[in-house]
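Numbers given in the numbering used here equal positions in the sequence shown, counted from 1, plus 1. Since the structure comes first, as C-alpha cells, the remarks are kept for the end.
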Amino acid sequence: MTSSLFEPEPGKDKEASSASMPPALKLSLEMGPLVIFFVANFFGQWLIDHVPLFSSFEKPIFPATALFMIAIISSLATSWILARRVLVMPLVSGVFVLIFGSLTLWLQDATFVKIKPTITSVLFALILFGGLLFKKSLLGYVFDSAFQLDAEGWRKLTFRWAFFFLFLALVNEIIWRNFSDDFWTNFHVLASTIFTFIFLATQMPMIMRHSLEQPPSDKNEDHAD
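Next comes the structure, spelled out in C-alpha cells:
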C-alpha cells in the first residue's frame with residue numbers, strides 16, 4: 002500500500018500514524034520554530050553584533066525571522082525523515098512564513114512577518130469552515146493522535162477552533178498595529194500559546210462527552226452543546 006505524503010485522514014491508518022509520529026514529537030516539531038523565533042528575537046541584537054551573516058540587519062526581529070524560516074524548514078524535513086509524512090498545518094503555516102519572511106528580509110520591513118499570523122489564522126478558519134460545509138471535520142488532522150471523538154464531537158471542535166482562529170487573527174492585528182516589535186514577538190509566542198491552552202482546556206468537557214472511549218450512555222447526556 003502506498004503511504005501518503007501528508008498526515009493520514011482522521012480515523013484512517015491510525016496504527017502507522019501513532020507509531021511514526023508520537024504526540025510529544027509532533028508538538029515539538031510544531032512549537033519548536035516559534036520557540037526559536039522568540040529566543041532569537043531576545044538575543045537579536047547580540048546576533049547582529051557578533052554573527053557576520055546578520056550584521057547588515059538593523060532590528061532584532063530580522064535575524065529572528067531568518068532563524069524562524071530555517072527552523073520551519075528543519076521541522077518539516079524532520080517530520081518527513083522520521084515519519085515519511087508532512088504535518089499539514091505546519092506545512093501551510095510554513096509556506097506563509099517563507100513567503101512573508103523572505104519579504105521581511107528583502108525589504109527590511111517587519112510588517113510582513115507581523116501580518117503572517119493574521120493571514121494564516123484567517124486561512125485556517127476558512128479551511129475549517131469550508132471543510133464543515135462539505136461535511137469534513139478537518140481538525141482531525143491535527144488532533145486525531147490525541148483524541149478519539151465521534152463525528153459530532155469532531156464537528157463541534159472544528160467549528161469552535163475556526164472561530165478561535167478568527168479571534169487570534171483579530172488580536173494579532175490589534176497588537177502589531179499598536180505595540181513594539183518586542184512586545185508583538187512576546188505576545189505572538191507566549192500569549193498566543195497561553196490563549197490556545199486556555200481555549201483547549203475549555204473544550205475538554207465537550208471532548209470527554211464525545212470521546213469514543215466513553216460508554217455510550219455517557220454520550221447520550223450531551224444535549225447542552
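Don't be surprised by glycine CBs; every beta carbon is placed ideally from N, CA and C.
Query raised in the report: Among the residues of its own chain, which have a CB less than 7 Å from the CB of Ser218, if the five just before and after it don't count?
Result: On the sequence shown, residue 218 is found 217 positions in, with the first residue counted as 1. Confidence at Ser218 is low in this model, with a pLDDT of 48, below 50, so its placement is unreliable and the value that follows should be read with caution. Result list for Ser218: empty, nothing under 7 Å.
Query - Residue from Arg86, Pro118, Phe97 with nearest C-alpha to Leu169 - result: For this step, residue 169 is matched to residue 168 along the sequence shown. The shortest Cα separation from Leu169 among Arg86, Pro118, Phe97 belongs to Pro118.
Requested in this report: Would you kindly work out how many angstroms separate the C-alpha atoms of Arg161 and Val98, rounded to a whole number?
Outcome: Translated into positions along the sequence shown, residue 161 becomes position 160. Translated into positions along the sequence shown, residue 98 becomes position 97. Their Cα atoms are separated by approximately 25 Å.
Query raised in the report: Between the C-alpha atoms of Pro61 and Ala41, what's the straight-line distance to the nearest angstrom?
Result: By one-based count along the sequence shown, residue 61 stands at place 60. By one-based count along the sequence shown, residue 41 stands at place 40. Looking at the two C-alpha atoms, the distance is approximately 8 Å.
Query - Backbone secondary structure at Val114 - three-state DSSP - result: To locate residue 114, count along the sequence shown from 1; it is residue 113. In this structure, Val114 counts as helix in the three-state DSSP scheme.
Report task. State the CB to CB distance for the pair Leu167 and Val123, rounded to an integer number of angstroms; the pair is presumed to be in contact (CB under 8 Å). Result -> As a position in the sequence shown, residue 167 is number 166, starting the count at 1. As a position in the sequence shown, residue 123 is number 122, starting the count at 1. Correct: roughly 7 Å between the Cβ atoms.
Report task. Could you tell me whether the stretch 30-37 touches the stretch 70-82, where touching means 3 or more Cβ pairs closer than 8 Å? Result -> yes
Query raised in the report: Do Leu140 and Thr121 have their C-beta atoms closer together than 7 Å?
Result: To locate residue 140, count along the sequence shown from 1; it is residue 139. To locate residue 121, count along the sequence shown from 1; it is residue 120. The Cβ-Cβ distance between Leu140 and Thr121 does not fall below 7 Å.
**Report entry** Start and end residues, alpha helix (DSSP H) containing Gln204
**Finding:** Locating residue 204 in the sequence shown gives position 203, counting from the first residue. From DSSP, the alpha helix (DSSP H) with Gln204 extends over 193-210.
Query - Closest Cα partner of Lys136 within the set Ile199, Gly154, Leu35 - result: Here residue 136 corresponds to residue number 135 of the sequence shown, with the count starting at 1. Nearest of Ile199, Gly154, Leu35 to Lys136, Cα basis: Gly154.
Report task. Would you check if the distance between the CB atom of Asp151 and the CB atom of Leu213 is smaller than 7 Å? Result -> Taking the first residue of the sequence shown as position 1, residue 151 is located at position 150. Taking the first residue of the sequence shown as position 1, residue 213 is located at position 212. Taking 7 Å as the Cβ cut-off, Asp151 and Leu213 qualify as a contacting pair.
Requested in this report: Confirm, please, whether the CB-CB distance from Phe58 to Ile71 is below 7 Å.
Outcome: As a working mapping, residue 71 is identified with position 70 in the sequence shown. As a working mapping, residue 58 is identified with position 57 in the sequence shown. No, Cβ-Cβ distance for Ile71 and Phe58 is not below 7 Å.
Query raised in the report: Relative to the C-alpha of Ile195, which residue among Phe180, Ile175, Phe165, Arg210 is closest?
Result: Reading the sequence shown from its first residue, position 194 is the one you call residue 195. Comparing Cα-Cα distances from Ile195 to each of Phe180, Ile175, Phe165, Arg210, the minimum goes to Phe165.
Report task. Just the C-alpha distance for Phe69 and Met205, rounded to the nearest angstrom, thanks. Result -> In the sequence shown, residue 69 corresponds to position 68, counting from 1. In the sequence shown, residue 205 corresponds to position 204, counting from 1. Roughly 31 Å between the two C-alpha positions.
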